[in-house]
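**Q** Plus 542 on top of the position in the sequence shown (first one is 1) and you've got this note's numbering.
All C-beta atoms, glycine included, are put in the ideal place defined by N, C-alpha and C.
Model, not experiment: these values are computed from the prediction.
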Amino acid sequence: MIKVKKRKFLLLPGDGIGPEVVGEVKKIIKWFNKNKSLDFEIDEDLAGGVSYDKHATPITDEVFYKALECEAVILGAVGGPKWDDVEFSKKPERALLKLRKELKLFANLRPAICFKQLVDASTLKPEIVSGLDIMIVRELTGGIYFGEPRGIKPIDNGERKGINTHVYTTSEIQRVARVAFDLAKKDKIMLLLVKINVMEAACFGKRSSDYMIRIQDVELNHMLADNCAMQLLRNPKQFDVIVTDNLFGDMLSDQASMLTGSLGLLPSASLGAKNKEGKIRAMYEPIHGSAPDIAGKGIANPIATILSFAMALRYSLNLDKEADALEKAVQSVLDEGLRTKDILSKGMKEVSTSEMGDAIISKLQ
Ligand code: IPM
Ligand code: MG
543 MIKVKKRKFL LLPGDGIGPE VVGEVKKIIK WFNKNKSLDF EIDEDLAGGV SYDKHATPIT
603 DEVFYKALEC EAVILGAVGG PKWDDVEFSK KPERALLKLR KELKLFANLR PAICFKQLVD
663 ASTLKPEIVS GLDIMIVREL TGGIYFGEPR GIKPIDNGER KGINTHVYTT SEIQRVARVA
723 FDLAKKDKIM LLLVKINVME AACFGKRSSD YMIRIQDVEL NHMLADNCAM QLLRNPKQFD
783 VIVTDNLFGD MLSDQASMLT GSLGLLPSAS LGAKNKEGKI RAMYEPIHGS APDIAGKGIA
843 NPIATILSFA MALRYSLNLD KEADALEKAV QSVLDEGLRT KDILSKGMKE VSTSEMGDAI
903 ISKLQ
């Protein structure tokens with residue numbers, strides 16, 4: 543059995559803006575070690591395109607084993623146009639998908655919270671987004687991302703066909719639904735989004751989750767995914783917890799991020815099941831990508847990654863007080879009007895990635 547090293551974080555900054563935003567988390571970890579006498583250990587390694595460039599594989603076995611042994615992985619972002627022509631199985635994104643699948647991180651928590659200071663940063667009217675607080679629970683190790691058969695195959699008439707398969711089993715649906723049920727406030731509504739009008743697998747998913755309503759005290763409503771995409775723009779505050787499959791969760795969480803002002807603000811936690819000691823395997827990452835167009839310019843927003851680290855403190859280490867302090871520090875910096883370029887508005891002060899990180903640290907003091 544693999545022994546998990548307590549309080550050891552594996553940082554995988556990855557590609558594009560990944561190293562810049564994870565760099566800010568590194569500073570925060572060092573701050574906690576120095577000022578709160580916390581004994582966090584950090585290790586850092588390659589994943590994604592940078593690993594492909596050096597080792598001809600998006601993640602080496604060595605790095606994968608490090609991920610198995612640490613308390614939690616903090617990932618920046620992977621991918622970029624540089625690797626567009628790389629063979630499919632070696633693409634940077636395979637590193638991320640392998641970590642999710644093989645660490646069995648089936649529940650991906652993507653909170654979309656609109657900070658009061660950033661109400662004007664959203665492209666939607668303030669009254670639509672102010673006070674927004676949604677949790678999207680995305681199934682992360684099944685569905686069309688991993689279903690078989692898959693691939694590109696020749697067919698009779700000289701043509702070829704591309705295949706991916708959407709597939710879920712009862713237990714896969716119920717274990718992610720259970721996580722969502724635990725997160726849902728009792729009096730609020732939770733939605734399972736499926737295309738039950740089109741897909742047999744979705745219909746099956748609805749039945750599997752309906753079964754669970756009978757065993758847990760939560761109100762569960764179903765909404766079609768296309769309708770949800772529309773409702774998220776029309777009246778997003780009607781939602782509390784949204785639990786959905788891998789592909790819809792990917793799309794709807796990007797959409798939800800714009801309700802909060804920027805893709806640069808949304809953190810995420812990918813969690814596995816609790817083991818006998820109550821510990822979970824976990825990986826934390828911003829929901830944004832590697833943003834190669836702004837990489838290396840020092841203008842990326844580190845907040846999503848910093849808030850992902852706050853989730854790591856909360857979910858992996860049960861350090862709620864420290865997580866609260868970090869989230870409050872982010873709020874204070876926003877209160878003072880500091881903004882990275884993506885959330886800049888009139889009258890606010892533009893700061894770089896590292897200035898934002900430093901300002902957040904100064905609020906932790
Ligand atoms: C995400 C990303 C990934 C996904 C990519 C990079 C493989 O978009 O985490 O949302 O599709 O899951
Ligand atoms: Mg995505």
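Looking at C-alpha atoms only, which residue of K695, S812, N577, R823 is the closest neighbour of Y607?
**A** Y607 has its Cα closest to that of R823, out of K695, S812, N577, R823.
**Q** So, under 8 Å CB-CB, S812 and L682 are touching, yes? Tell me the CB distance rounded to an integer number of Å.
**A** For S812 against L682, the beta-carbon gap comes to about 6 Å, under 8 Å, which counts as contact.
**Q** In angstroms with no decimal places, state the Cα-to-Cα distance between V752 and G622.
**A** Here residue 752 turns out to be Asp, not Val, going by the sequence shown. In a straight line, the C-alpha of D752 is about 40 Å away from that of G622.
**Q** If we ignore side chains and look at the alpha-carbon of each, how far apart do P600 and E761 end up?
**A** 42 Å
**Q** Starting from the Cα of A852, find the closest Cα among I885, I570, I559 and give me that residue.
**A** I570
**Q** Taking the beta strand (DSSP E) that D835 belongs to, which residues open and close that run?
**A** Counting along the chain, D835 falls outside any beta strand (DSSP E), and DSSP gives it neither H nor E.
**Q** Please specify which runs of the alpha helix (DSSP H), each continuous and at least 4 residues long, are wholly inside the stretch 744-829, giving them in chain order.
**A** 767-776, 788-801
**Q** K624 to R856, Cα distance in whole Å?
**A** 36 Å
**Q** Distance check for L886 and D862, CA to CA, integer angstroms please.
**A** 30 Å
**Q** Between D698 and ligand 2, is the CB less than 7 Å from at least one heavy atom?
**A** No, the beta carbon of D698 sits no closer than 7 Å to any heavy atom of ligand 2.
**Q** As a quick exercise: from G693, A722, L808, pick the residue whose alpha carbon is nearest that of I705.
**A** G693
**Q** Ligand 1: which residues have Cβ under 5 Å from any of its heavy atoms, chain order?
**A** E635, D792
**Q** How is the alpha helix (DSSP H) around K568 delimited, first residue to last?
**A** 560-577 is the span of the alpha helix (DSSP H), which, as asked, contains K568.
**Q** Could you please give the first and the last residue of the uninterrupted alpha helix (DSSP H) stretch that includes R720?
**A** 712-725
**Q** Scan the stretch 573-616 and note each continuous beta strand (DSSP E) run of 3 residues or more that stays entirely inside, going in chain order.
**A** 583-586
**Q** Could you compute how far the alpha carbon of I883 sits from the alpha carbon of A846?
**A** In the sequence on display, residue 883 carries Lys and not Ile. Approximately 14 Å between the Cα atoms of the pair.
**Q** Taking 7 Å as the cut-off, does the CB of D557 come closer than this to any heavy atom belonging to ligand 2?
**A** Not a single heavy atom of ligand 2 lies less than 7 Å from the C-beta of D557.
**Q** Identify the continuous beta strand (DSSP E) that holds F551 and give its terminal residues.
**A** 550-556
**Q** Provide the residue span of the beta strand (DSSP E) that contains I988, from first to last.
**A** What is shown of the chain runs 543 to 907, which leaves residue 988 out entirely.
**Q** Can you tell me which of the three DSSP states D900 falls into?
**A** Reduced to three states, the DSSP call for D900 is helix.
**Q** Using only CA atoms, which one of S750, Q797, R749 lies nearest to A767?
**A** Q797
**Q** How about S850 and L651: do their beta carbons lie closer than 8 Å?
**A** With a cutoff of 8 Å on beta-carbon distance, S850 and L651 are scored as not near each other.
**Q** Indicate, with yes or no, if ligand 2 has a heavy atom lying under 7 Å from the CB of I601.
**A** I601 Cβ: outside cutoff for every heavy atom of ligand 2.
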